[in-house]
Amino acid sequence: MFPLKDDNPLRSTPVMTLLIIGANLLVFVWQLGQGPTREYGLLAFAMVPRALAETFGLDVPPLLDPTAARLYLAYDPPLPVPATVVTSMFLHGGWLHLLGNMWSLWIFGNNVEDEIGPGGFLVFYLTSGVSAAITQAAVNPGSPVPMVGASGAIAGVLGAYLLRFPKARILTVVPLILAWVVWIPAGVWLVVWFVGQILSSLGGGTGVAWYAHIGGFVAGMLLGPVFMGARRRRVPTPRLR
């Protein structure tokens, strides 16, 4: 299912959502600007679960695959390894990866920012992304495969959206025999999406950090109400007299 838009009106301009999207676009332009060494950005600032586990002194199994071993030996981040948990959120593997993530962030993130506020939304977004990366690393700590993308943080946004706006509607392209465009309740859309991540993780599909999506989504569901509640306490709803 591909979301086109929601019917959830905004009360304010989603400044932080736009800034995060802009930051991701700028980083991707930087990646493209590396020319023949384009992979430098992915190898230097990606999060590698194995490196993170070793940094914290965890035991990991030996790398028996020569190709994987060479890939891991080439990993030499210019920042402390724990910092790559954050930097990896702003890297993407290609245009489709980037645009798909940013489109989803725009559709769901603007309303969540409306509820949390710009500053709180930034903290919420980054915390969800960190939770997603740590979940992926915890499930497969010996993996030498670099992990990049904003989808873990965006999954957190989806989790918060589910709790706050389950009755909103998402205009969705559903690719069955033919591509149908239908309005789907957000609660249904997001539950189907989350179940899809769980089934994909159980299927052992490669190339996608399914557990990061799951961890980010759960983190968003847990943290969303906390951030939204803090926002309401700071900016109380005006009372009619």
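First residue of the sequence shown: 0, per numbering that gives the first Met the number 0; consecutive thereafter.
All residues carry an ideal CB built from backbone N, CA and C; glycine is no exception.
Remember, predicted model here, so these are calculated numbers, not experimental data.
The shortest CA-to-CA distance from Gly-155 to any of Asn-109, Met-220 and Ala-132 is the one to Met-220. One alpha carbon belongs to Pro-143, the other to Val-59, and they sit about 10 Å apart. Following the DSSP letters along the chain, one finds Thr-134 inside the alpha helix (DSSP H) bounded by residues 117-138. Excluding its 5 nearest sequence neighbours in each direction, Val-180 has C-beta neighbours in its own chain below 6 Å: Val-172, listed in chain order. In this structure, Asp-5 and Ala-167 form a Cβ contact; the two beta carbons are roughly 5 Å apart against a cut-off of 8 Å. For Leu-170, the enclosing beta strand (DSSP E) covers residues 168-174. In the structure shown, Val-191 falls within a helical segment according to DSSP collapsed to helix, strand and coil. Put simply, the region 180-192 does not touch the region 119-129. Fewer than three CB pairs are less than 8 Å apart. Leu-9 and Met-101 have their C-alpha atoms spaced approximately 18 Å apart.
The Cβ-Cβ distance between Trp-188 and Gln-196 does not fall below 7 Å. In terms of CA proximity to Leu-162, Val-190 leads the group Ala-137, Gln-135 and Val-190.
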